[in-house]
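The structure appears right after this line, and notes come after that.
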Amino acid sequence: MENNSIPKDIIKIQKKLCSFEKGSRNYIKYTKILNKHLKKHAMKKRVLSNIKTIEAIKKIEKKSKSS
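So this is what it looks like as structure tokens:
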């Protein structure tokens with residue numbers, strides 16, 4: 036996830052979604068599944084970003100205290 040690539044599970048769901056007719060029951064079902072996966076992926080990226088920000092702030096604080 037570090038290189039901003041799309042996870043394989045999301046790509047797999049998108050490929051499956053392409054095979055369905057728009058508006059069909061399976062299309063709606065897979066759209067919901069894809070939505071869940073995208074939300075989960077976005078949340079993971081957001082959490083990782085927040086962790087990196089916190090670590091950067093701690094490094095800056097250590098440098099300022101040691102100076």
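Counting from 36, one number per residue, gives the positions in the sequence shown under my numbering.
Cβ coordinates follow ideal geometry from the N, Cα and C atoms, glycine included.
Item                                                                                                           : Value
CB contact flag (Ile48, Leu69, <7 Å)                                                                           : yes
Pair within 7 Å by beta-carbon distance, Lys75 and Tyr65                                                       : no
Unbroken alpha helix (DSSP H) run spanning Glu96, endpoints                                                    : Arg60 to Ser101
Own chain partners of Ala91 with C-beta closer than 7 Å, once the 5 adjacent residues on each side are dropped : none
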